[in-house]
Amino acid sequence: MVEKNITTKIQVINYTELEESEKKLVDLAKEATQSSYTPYSHFNVGAGLLLETGEMIKGSNQENAAFAGICAERSAIYNAGANHPGVDIEAIAVAAFQNGDFLEEPCPPCGVCRQAMLEFEKNAKHPIRVLLVGRDKIYRLESVASLLPLSFTEF
Ligand SMILES: [Zn+2]
Numbered sequence: 005m006v007e008k009n010i011t012t013k014i015q016v017i018n019y020t021e022l023e024e025s026e027k028k029l030v031d032l033a034k035e036a037t038q039s040s041y042t043p044y045s046h047f048n049v050g051a052g053l054l055l056e057t058g059e060m061i062k063g064s065n066q067e068n069a070a071f072a073g074i075c076a077e078r079s080a081i082y083n084a085g086a087n088h089p090g091v092d093i094e095a096i097a098v099a100a101f102q103n104g105d106f107l108e109e110p111c112p113p114c115g116v117c118r119q120a121m122l123e124f125e126k127n128a129k130h131p132i133r134v135l136l137v138g139r140d141k142i143y144r145l146e147s148v149a150s151l152l153p154l155s156f157t158e159f
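Under the numbering used here, the first residue of the sequence shown carries the number 5, and numbering increases by one thereafter.
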């Protein structure tokens, strides 16, 4: 038998340690939580994307009665795919807001979003930095792939 260990490097940092562009991205992700449509979960998630052009775009979770809504992360990256085709994503920030405050712990993307984000990273041919925003701490990961080890890709 052979055992393998998979390690994910996460930098736990605070807002003041971020680069200026990262601060703007985190601010945008937090702002995006205000455009969530969450009459069912009341769990507002916002995502901000930094594109290679320097432009930033946002997404937020959008729900409906059929429970076939979409998460903030995919809302943002599909926006990028639709409105900025061929433009690489450099970084993504995610923040969550519930019961009148941002979550204390950083909110990681669901599995579906990780898979979708990975496809954009693969197409970009470079890592997409990930910032998961908590109330007082931020997790910074060097790539989407580091969020999704043993990922499913085309064979
Ligand atoms: Zn998701």
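A virtual CB, placed ideally from N, CA and C, is assigned to each residue, including glycine. Remember, predicted model here, so these are calculated numbers, not experimental data.
Contact between the stretch 122-136 and the stretch 145-152 is present: three or more C-beta pairs spanning the two stretches fall below 8 Å. Within the stretch 21-58, the complete alpha helix (DSSP H) segments at least 4 residues long are 24-36, listed from N- to C-terminus.
As a beta-bridge residue in DSSP terms, Ala97 pairs with Gly52 and Leu135. In the three-state DSSP reduction, Lys62 falls in the strand class (E or B). For the pair Thr42 and Glu7, the CB atoms are not nearer than the 8 Å cut-off. Partner residues in the beta bridge of Phe106, as assigned by DSSP, are Phe101.
By the Cβ rule, the stretch 108-115 does not count as touching the stretch 81-89, because fewer than three pairs are nearer than 8 Å.
Looking only at Gly73, Lys141 and Asp31, the smallest Cα-Cα distance to Ser45 is reached by Gly73. In the assembly as shown, Tyr19 is an exposed residue. Its beta-carbon has fewer than 16 other beta-carbons within 10 Å. Separation of Lys27 and Ser64 (C-alpha to C-alpha, rounded to the nearest whole angstrom) is 18 Å.
For Leu152, no beta strand (DSSP E) run applies, since DSSP gives it neither H nor E. Within 10 angstroms of the beta-carbon of Lys62 lie 16 or more other beta-carbons, which makes it buried. A direct Cα-Cα distance of roughly 23 Å separates Gly50 from Lys13.
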